[in-house]
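Chemist:
2 protein chains.
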Amino acid sequence: MSLLVVGTMAFDALETPFGKVDRIIGGSATYVAWSASNFYHDIKQVSIIGGDFPQSEIDNLAARGVDFAGVEVVKDGKSFFWSGRYHMDMNTRDTLVTDLNVLAQFNPTLPESYRDSEIVMLGNLVPAVQMSVLNQMRQRPKLVIMDTMNFWMEVALDDLKKVLTMVDVLMVNDSEARELSGEHSLVKAAMKIQAMGPKYLIIKKGEHGALLFHEKNVFYAPALPLEDVFDPTGAGDTFAGGFVGHIARTKDISFENMKTAIIVGSALASFCVEKFGPTRLQELTKEEIDQRIKEFVELVNFDIINVA
Amino acid sequence: MSLLVVGTMAFDALETPFGKVDRIIGGSATYVAWSASNFYHDIKQVSIIGGDFPQSEIDNLAARGVDFAGVEVVKDGKSFFWSGRYHMDMNTRDTLVTDLNVLAQFNPTLPESYRDSEIVMLGNLVPAVQMSVLNQMRQRPKLVIMDTMNFWMEVALDDLKKVLTMVDVLMVNDSEARELSGEHSLVKAAMKIQAMGPKYLIIKKGEHGALLFHEKNVFYAPALPLEDVFDPTGAGDTFAGGFVGHIARTKDISFENMKTAIIVGSALASFCVEKFGPTRLQELTKEEIDQRIKEFVELVNFDIINVA
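Residue numbers (the working numbering), protein chains in the order written: chain A, 1 to 308; chain B, 1001 to 1308.
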């Protein structure tokens, strides 16, 4: 199924208890593309970058089947820049710098060849831009997946709610699900959020795994217990990329296949956190991915025959 | 496999955001016995109670196969009393009152008929008493399971470490595992704790499920997402009771069967939190338990055939 991805492509400066890096590529669409391109090789990328974005990074993604026709290059502009510092527990972080740069003028016009995409992955971005992308599609895509964050709930809730009515799958973390719904219980939160539009809700819980809700059905995907989390940046986008890449490849948007897609996404995310930024994703082999997915199967496999 | 359970039998006063109860039976051994007796009916109970402990509660447990020969009754004494108040998120609580009462003089002498038990479940209790019970066994039990809490790490760490060398399976929650090991990563914590004695470590993460570590093997058991948690009191002991009851019934102490036992324990714990104290456990049917275990199977079941 043809796949359109919209999101940021950026530079990040990152500081974790294990080290720091002053300038590394990042952005939601960068991570989604690196992750999804392990499974699907016709990714219609929509983003905006400055003249400073390295040609080598573009070439590497293009070689993996990422189409840059929808990526606007502002030659004399600077790419979006974000800088953050993680706390010791790696679950919380402080934003040190946010320089929008060219992102401030991001108002994408989709190339004609993009407008029939069957799957649209809306990476974390200002809701108005997410909506504009959906409005440019020739027909309603078969599957619209949206990532967002608490920031947009606080500054653009009305727009966010409008986009939600156009979305099939929402991906948020547990605190965002609670904030959006006003419910502490994730089961109740899931019911309220489904009533806002998305019939599928994925709640990402970091080291505690992920939940998929759909009507009365729930699926609990574990996270692989890791010895170290080196840098969590991009893990959520990498998860989204694995999810959407698996669905695009298998052409199957059923609940059952979404469960498998979540395991694939979780496996990719477990690699992402092993090194700074997208470094680990950029050196990943198919054998490593297959082995990691096997570890996830082992992790949750149990025999219930012996129960009374 | 014959089963010995040691722990407290008590009264609790409980306050949650959903209501309060001034006096309800509780204590680690009470919850373990109610839970385990769904699966196994020869439970050698070791505890101490005052003359105020209701005969009807004793009769109800005795009718389920719980042997009271090892429960000391101090006729003119009062049973252990604990009072606590849960915060809105149900993950944290304040202890309001701890009246040790007869527990202060708890120094159990095991009946002869108890000393060959094959499984010993050490409920949360002062480590010196846990050790005294193990020292009275005629031979080393086939499986020793121990529950404990952060309080004992702070006031009786040396004794706790001695008991750990005599234990096969340790059950603690995630913050206790971190405190005991001094490691934030649960994978590293598990390695350190295994080096202290227990070859199996179960880390309970409440709404995030439980992890079982053994050498290089890890199993991740989910928790059932619940609409409401009414009262978490006793959930950990109920989990332990389901775990140990399943093992006693199936006579199988393998890692594979421990995984199933964790699912059984998780299912029982998911009932426990639905009402105050052990109320829900006292009205539970076999059909409800079977149905709940099926829900756990559904919750984690996914098909990986379709992966690249």
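Cβ coordinates follow ideal geometry from the N, Cα and C atoms, glycine included.
So, using beta-carbon positions, are B/A1010 and B/F1080 closer together than 7 angstroms?
Modeler: Result yes, Cβ atoms of B/A1010 and B/F1080 sit closer than 7 angstroms.
Chemist: Look at B/R1249 and B/Y1040 and say whether their C-beta atoms are less than 7 angstroms apart.
Modeler: The answer is yes: Cβ separation under 7 angstroms.
Chemist: Specify whether the stretch 1099-1118 of chain B and the stretch 1069-1083 of chain B touch according to this definition: at least 3 beta carbon pairs, one from each stretch, less than 8 angstroms apart.
Modeler: Touching, yes, given that three or more Cβ pairs across the two stretches are closer than 8 angstroms.
Chemist: If you measure from the beta carbon of B/L1186 to each beta carbon in chain A, is any gap under 7 angstroms?
Modeler: True, the Cβ-Cβ gap to chain A drops below 7 angstroms.
Chemist: For the beta strand (DSSP E) that B/L1170 lies in, which residues bound it at each end?
Modeler: Here the beta strand (DSSP E) through B/L1170 covers V1169 to N1173.
Chemist: Return the first residue and the last residue of the beta strand (DSSP E) that B/A1069 is part of.
Modeler: Its beta strand (DSSP E) spans residues V1066 to V1074.
Chemist: Quick check: the Cα distance between B/Q1136 and B/F1106, rounded to an integer number of angstroms?
Modeler: Between B/Q1136 and B/F1106, the C-alpha separation is close to 15 angstroms.
Chemist: Applying a beta-carbon distance threshold of less than 8 angstroms, which residues of chain A neighbour B/D1089?
Modeler: The contacting residues are H184.
Chemist: With a threshold of 8 angstroms on Cβ separation, who are the neighbours of A/G277 within its own chain once the five nearest residues in sequence on each side are excluded?
Modeler: Excluding positions up to five away in sequence, the list reads D12, L14, V21, I24, I25, G26, D231, T233 and G234.
Chemist: Among residues of its own chain, excluding the 5 on either side of A/V381, which ones have a beta-carbon nearer than 6 angstroms to its beta-carbon?
Modeler: The structure shown does not extend to residue 381 of chain A, since chain A is modelled only from 1 through 308, so no value can be given for it.
Chemist: Just the chain B side, please: which residues come within less than 7 angstroms of A/D303 by C-beta, in chain order?
Modeler: In chain order: E1256 and T1260.
Chemist: If you run the structure through DSSP and keep just helix, strand and coil, what is A/S47?
Modeler: Correct three-state label for A/S47: strand.
Chemist: Within its chain, find whatever has a CB closer than 6 angstroms to the CB of B/V1097; leave out the 5 residues flanking it on each side and keep chain order.
Modeler: S1083, listed in sequence order.
Chemist: Beta-carbon of B/L1299 versus every beta-carbon of chain A: anything under 7 angstroms?
Modeler: At least one chain A Cβ lies under 7 angstroms of B/L1299.
Chemist: Reducing DSSP to helix, strand and coil, say where A/R140 ends up.
Modeler: DSSP places A/R140 in coil when its eight states are reduced to three.
Chemist: So that I know if they touch, is there some Cβ in chain A lying closer than 7 angstroms to that of B/Y1031?
Modeler: So, not an interface residue.
Chemist: Which of helix, strand or coil does DSSP assign to B/G1241?
Modeler: B/G1241: helix per DSSP, three-state reduction.
Chemist: How long is the line joining the alpha carbons of B/V1155 and B/M1149, rounded to whole angstroms?
Modeler: C-alpha separation (whole angstroms): 11 angstroms.
Chemist: From the DSSP output, which residues share a beta bridge with A/T98?
Modeler: Paired residues: A/W82.
Chemist: Could you give the uninterrupted runs of the alpha helix (DSSP H) lying entirely in the stretch 1191-1276 of chain B, keeping only those of 4 residues or more?
Modeler: Listed in chain order, the complete alpha helix (DSSP H) runs (minimum 4 residues) inside the stretch 1191-1276 of chain B are 1235-1250 and 1255-1272.
Chemist: For the stretch 237-256 of chain A against the stretch 296-303 of chain A, are there 3 or more C-beta pairs whose distance is under 8 angstroms?
Modeler: Short answer: they don't touch.
Chemist: Can you confirm whether A/Y220, when its beta carbon is compared against all beta carbons of chain B, has any partner nearer than 7 angstroms?
Modeler: With 7 angstroms as the cut-off, A/Y220 counts as an interface residue toward chain B.
Chemist: Compute the Euclidean distance between the alpha carbons of B/G1260 and B/L1212, then round it to the nearest angstrom.
Modeler: Note that residue 1260 of chain B corresponds to Thr in the displayed sequence, not to Gly. So the alpha carbons of these two residues sit roughly 11 angstroms apart.
Chemist: Quick one: any contact between the stretch 236-247 of chain A and the stretch 30-40 of chain A, if contact means 3 or more CB pairs under 8 angstroms?
Modeler: They touch, by the three-pair rule.
Chemist: If you draw a straight line from the alpha carbon of A/L125 to that of A/G7, how long is it in whole angstroms?
Modeler: Roughly 6 angstroms between the two C-alpha positions.
Chemist: Give the DSSP-derived three-state secondary structure of A/F39 in the structure shown.
Modeler: Coil, per DSSP.
Chemist: Where does A/A13 fall in DSSP's three states?
Modeler: A/A13 falls in the strand class under three-state DSSP.
Chemist: In angstroms with no decimal places, state the Cα-to-Cα distance between A/V102 and A/S28.
Modeler: If I take the Cα positions, the gap works out to 15 angstroms.
Chemist: Only counting the same chain, and skipping five residues up and downstream in sequence, which positions put a Cβ closer than 8 angstroms to that of B/M1153?
Modeler: Answer for B/M1153: L1160, E1176, E1179 and L1180, listed in chain order.
Chemist: Run the CB neighbour count on B/G1182, radius 10 Å, all protein chains shown included, and call it buried at 16 or more, exposed below.
Modeler: Classification of B/G1182: exposed, given that the 10 Å Cβ count is below 16.
Chemist: Can you check DSSP and say which residues form a bridge with B/K1020?
Modeler: According to DSSP, which records beta bridges pairwise, B/K1020 is partnered with B/E1015.
Chemist: What does DSSP give as the partner residues of A/G26 in its beta bridges?
Modeler: Its beta-bridge partners are A/A10.
Chemist: For A/V133, report the span of its alpha helix (DSSP H) as first-last.
Modeler: Run containing A/V133: P127 to N135, per the alpha helix (DSSP H) assignment.
Chemist: Please classify A/G77: is it buried, with 16 or more other beta-carbons within 10 angstroms of its beta-carbon, or exposed?
Modeler: When all chains shown are included, A/G77 counts as buried.
Chemist: Looking at chain A, which residues of the stretch 1193-1204 of chain B have a Cβ within less than 7 angstroms of any of its Cβ atoms?
Modeler: Correct list: empty, as no residue qualifies.
Chemist: Between B/R1115, B/G1265 and B/M1196, which has its C-alpha nearest B/D1237's C-alpha?
Modeler: The residue with the shortest Cα to Cα distance from B/D1237 is B/G1265.
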